[in-house]
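Step one of this worksheet: look at the structure below.
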Amino acid sequence: MSLFEQKVSELHERLHKKEISVTDLVDESYKRIGQVEDKVKAFLTLDEENARNQAKRLDDQLVKGENEGALFGMPIGVKDNIVTKNLRTTCASKILENFDPIYDATVVQKLQKAETVTIGKLNMDEFAMGSSNENSAFQATRNPWNTEYVPGGSSGGSAASVASGEVLFSLGSDTGGSIRQPAAYCGVVGLKPTYGRVSRFGLVAFASSLDQIGPVTRTVEDNAYLLEAISGVDPMDSTSANVDVPNFVNSLTGDVRGLKIAVPKEYLGEGVGEEARNSVLEALKVLEGLGAQWEEVSLPHSKYALAAYYLLSSSEASANLSRFDGVRYGHRTDNAETLIEMYKQTRAEGFGDEVKRRIMLGTFSLSSGYYDAYYKKAQKVRTLIKKDFEDVFEKYDVIVGPTTPTPAFKIGEKVDDPLTMYANDILTIPVNLAGVPGISVPCGFAANGLPLGLQMIGKHFDESTIYRAAHAFEQATDFHKQFPKL
Amino acid sequence: MSRISMEQVKHVAHLARLAITEEEAKQFQHQLDQMISFAEQLNELDTDQVNPTSHVLDMKNVMREDVAKPGLPVEEVVKNAPDSKEGYIRVPSIIE
């Protein structure tokens, strides 16, 4: 049995009792990577020498009986759009192929404080734009449950590395579903925190008003531990919120009696597959059995979320990605005489097709004469979508639905059709537009053997309630106890 | 008939500082047209009385004390620059 089939709290106890060492945990990671990485292709960069040295240092601390925190010695993977000092960070883009960051993201500093061990950097869709990891400039990560299928995206490496047991847990980022969708496809737990809960300092920006870093784990309890470690206001990110960070693990009481669940009819309607719908209805029975109540509600503007999201996120991306110009870092073309040609040619050579497409759409929506009709219109629709959630949360504690309309699709199946690809995200995107937290927990398997995810959405800064509900559901089912055979 | 002309596509690519081939311009014309017609479903909604949302949390003007602090060392800052000399970043000439 893999050590990583145990929870953080169990491993912590065993470290404390000296039954295992941090070196054992780090060995477990690299051993598993040696066995399965050929098939999974989750990592872009490994940091083995540093990780092993750090493990030795932590083991020395352990011998001295120095007080260790909950995450002490736990091996973690980090998505490759989160900067790590002196550890290559590429955003899975050719334009940053050799980028060597000169500082650590706030979440990475927090991990160091918690004394986790970084195993390596995880693959993603280029600049987090995509739902399958096929947009990585370097490799396509595979779904550990069936390597002919995508792991989801953009945090595909984050989900696949955890599902395949290469790391105990990982960090991803979520702009329109990029943590929850791959978590659902790979049968693990992924949370997008409330906008502002976690500092974005050092997260390479895609769409600044939507991006959040969040944890990908095997269990809800591990997820709660990791979120607590990375949360909190940060002077380096003026959009991080000055709110208390609760002890999320304390909220995992197993008690959901009287919990009021809203099930939006739009999340079980048109475009949502039979298997996803049925798995949610089964999950609702489980929650009812535990004493929760559910009713059907409406989020009437759901169908407009996808269009609003693509205009807003692409507009923000076109501004954010203007920093990649061949001047201060990253690729610079050899084929230009003038400065402006240097910019244009550098960007043409460095960016992939999907990134270019979104820069074009964003630049168009922000350009003179189109701003009001597209960008501003989308911002107004965002207000309506946010209001939909506020109305439902006046009467209910949690919104529940599928994370994705279908299980994972085959590699290559949707790569030529942007709009079909984007439709994977119809159930996760509204959550980012409203800024509320959302979690995906495993809730079954499709006929083809691939996992399905249950999405639970909470009020602003109320991750505790969705953790409580997700944990109660998880403990009443055994989907999280199944592991892919690689 | 595309609602975006080839001239517009090339203008947007110029604004975005992206060199594109004739072939790519045609492809972008088609894809932008698709995405924009998809986005036009938003016109079904009457939003005259709706304020735009640019940020979901109720916060504004986040201030900090105006205290001088050391920045990053110059040699670190230029470390990733494709072309630098003596602490400066070099680019093709800007003025003719």
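Going down the list, the protein sequences come from chains E and A. If you're matching positions, the first sequence starts at 2 in our numbering and goes up one per residue. If you're matching positions, the second sequence starts at 245 in our numbering and goes up one per residue. We treat Cβ as the ideally placed atom computed from N, Cα and C, and that holds for glycine.
Sheet register partners of residue i (DSSP bridge)
| i | result |
| --- | --- |
| LYS122 (chain E) | E:THR46 and E:VAL79 |
| GLN294 (chain E) | E:LYS261 |
| GLY402 (chain E) | E:GLN456 |
| ILE333 (chain A) | A:SER328 |
| ASN144 (chain E) | E:ASN147 |
| LEU285 (chain E) | Its beta-bridge partners do not exist; DSSP assigns none. |
| LEU204 (chain E) | E:ILE83 |
| LEU88 (chain E) | E:THR85 |
| LYS411 (chain E) | E:TYR150 |
| VAL199 (chain E) | E:SER232 |
Partners in chain E for residue i, counting only beta-carbon separations shorter than 9 Å
| i | result |
| --- | --- |
| ASP310 (chain A) | Correct list: empty, because the minimum Cβ distance to chain E is about 13 Å. |
| MET250 (chain A) | The contacting residues do not exist; MET250 (chain A) stays about 13 Å from chain E at best. |
| GLU320 (chain A) | ILE103 and TYR104 |
| ALA269 (chain A) | Ordered by position in chain E, no residue passes the 9 Å Cβ test against ALA269 (chain A), which lies about 10 Å from the chain. |
Beta strand (DSSP E) segment containing residue i, residue limits
| i | result |
| --- | --- |
| GLY35 (chain E) | Note, GLY35 (chain E): premise wrong, no beta strand (DSSP E); alpha helix (DSSP H) at 23 to 41. |
| PRO247 (chain E) | Per DSSP, PRO247 (chain E) belongs to no beta strand (DSSP E) and is neither H nor E. |
| VAL442 (chain E) | 439 to 446 |
| ILE214 (chain E) | 213 to 218 |
| LEU172 (chain E) | 170 to 175 |
6 Å Cβ shell around residue i - same chain, five flanking residues per side excluded
| i | result |
| --- | --- |
| ASP398 (chain E) | LEU260, LYS261 and THR466 |
| ALA309 (chain E) | ALA379, VAL382 and ARG383 |
| SER441 (chain E) | ARG181, ALA184, ALA185, GLY191, THR404, GLY454 and GLN456 |
| GLY363 (chain E) | SER315, SER316, ALA318 and SER319 |
| VAL37 (chain E) | SER165 and LEU487 |
| VAL23 (chain E) | ALA56, LEU59, ASP60 and GLY74 |
| ILE34 (chain E) | GLU167 |
| ALA115 (chain E) | GLY70, LEU72 and ALA230 |
Per-residue contacts from residue i into chain E (C-beta, under 8 Å)
| i | result |
| --- | --- |
| HIS299 (chain A) | SER210 and THR240 |
| ARG261 (chain A) | SER323, ASP326, ILE341, TYR344, LYS345 and ARG348 |
| LYS323 (chain A) | ASP101 and ILE103 |
Alpha helix (DSSP H) segment containing residue i, residue limits
| i | result |
| --- | --- |
| VAL393 (chain E) | 378 to 394 |
| THR107 (chain E) | 107 to 115 |
| LYS270 (chain A) | 266 to 283 |
| MET457 (chain E) | Taken as a continuous stretch (DSSP letters only), MET457 (chain E) belongs to no alpha helix (DSSP H), being part of the beta strand (DSSP E) at 452 to 458. |
| THR228 (chain E) | Inspection of the sequence shows that residue 228 (chain E) is occupied by Leu rather than by Thr. Element bounds for LEU228 (chain E): 221 to 231. |
| GLN506 (chain E) | Shown here, chain E extends from 2 to 487; a query on residue 506 (chain E) therefore has no answer. |
| PHE474 (chain E) | 464 to 476 |
| GLY331 (chain E) | Note, GLY331 (chain E): premise wrong, no alpha helix (DSSP H); not H, not E. |
| VAL321 (chain A) | 318 to 321 |
| ASP354 (chain E) | 354 to 367 |
| GLY191 (chain E) | Note, GLY191 (chain E): premise wrong, no alpha helix (DSSP H); beta strand (DSSP E) at 190 to 193. |
| GLN252 (chain A) | 250 to 259 |
| GLY157 (chain E) | 157 to 164 |
| LEU16 (chain E) | 9 to 17 |
| SER315 (chain E) | 306 to 321 |
| VAL432 (chain E) | 430 to 435 |
| PRO419 (chain E) | 419 to 423 |
| GLN182 (chain E) | 181 to 187 |
Buried versus exposed, by CB contacts within 10 Å (16 or more), residue i
| i | result |
| --- | --- |
| LEU123 (chain E) | buried |
| MET422 (chain E) | buried |
| TYR305 (chain E) | buried |
| ASP302 (chain A) | exposed |
| LYS111 (chain E) | buried |
| ASP417 (chain E) | exposed |
| GLY292 (chain E) | exposed |
| GLN55 (chain E) | buried |
| GLY272 (chain E) | exposed |
| GLN293 (chain A) | exposed |
| VAL437 (chain E) | buried |
| HIS17 (chain E) | exposed |
| ASP335 (chain E) | exposed |
Close-in-space but distant-in-sequence residues of the same chain around residue i (CB under 7 Å, 5 per side omitted)
| i | result |
| --- | --- |
| ALA206 (chain E) | ASP212 and ASN321 |
| SER30 (chain E) | PRO76, ILE120, GLU167 and VAL168 |
| THR195 (chain E) | GLY436, VAL437, PRO438, HIS461, PHE462 and GLU464 |
Within chain D, partners of residue i - CB distance below 7 Å
| i | result |
| --- | --- |
| PRO314 (chain A) | You won't find chain D in this structure, because its protein chains are E and A. |
Chain-ordered chain A contacts of residue i [CB-CB under 8 Å]
| i | result |
| --- | --- |
| ILE83 (chain E) | Simply none; closest approach about 17 Å. |
| TYR375 (chain E) | ILE280 and ALA283 |
Residues that residue i contacts on chain A, provided the C-beta gap is smaller than 7 Å
| i | result |
| --- | --- |
| THR339 (chain E) | PRO336 |
| GLY233 (chain E) | Near GLY233 (chain E) there are no residues of chain A at all, since even the closest Cβ is about 15 Å away, more than 7 Å. |
| ILE96 (chain E) | Near ILE96 (chain E) there are no residues of chain A at all, since even the closest Cβ is about 11 Å away, more than 7 Å. |
| ILE21 (chain E) | Result: empty, since nearest Cβ-Cβ is about 38 Å, beyond 7 Å. |
| THR46 (chain E) | Ordered by position in chain A, no residue passes the 7 Å Cβ test against THR46 (chain E), which lies about 16 Å from the chain. |
| ARG143 (chain E) | The contacting residues do not exist; ARG143 (chain E) stays about 27 Å from chain A at best. |
Beta-carbon proximity list for residue i, same chain, < 8 Å, skipping 5 on both sides
| i | result |
| --- | --- |
| LEU307 (chain E) | TYR423, ALA424, ASP426, ILE427 and ILE430 |
| SER303 (chain E) | PRO265, GLU267, TYR268, ILE386, ASP389, ILE427 and PRO431 |
Listed by chain order, chain A residues near residue i by CB distance under 9 Å
| i | result |
| --- | --- |
| TYR305 (chain E) | GLN285, LEU286, GLU288 and LEU289 |
Proximal chain E residues relative to residue i, where beta-carbon distance stays under 7 Å
| i | result |
| --- | --- |
| ASP277 (chain A) | Within 7 Å Cβ-Cβ: nothing; ASP277 (chain A) doesn't reach chain E, min ~11 Å. |
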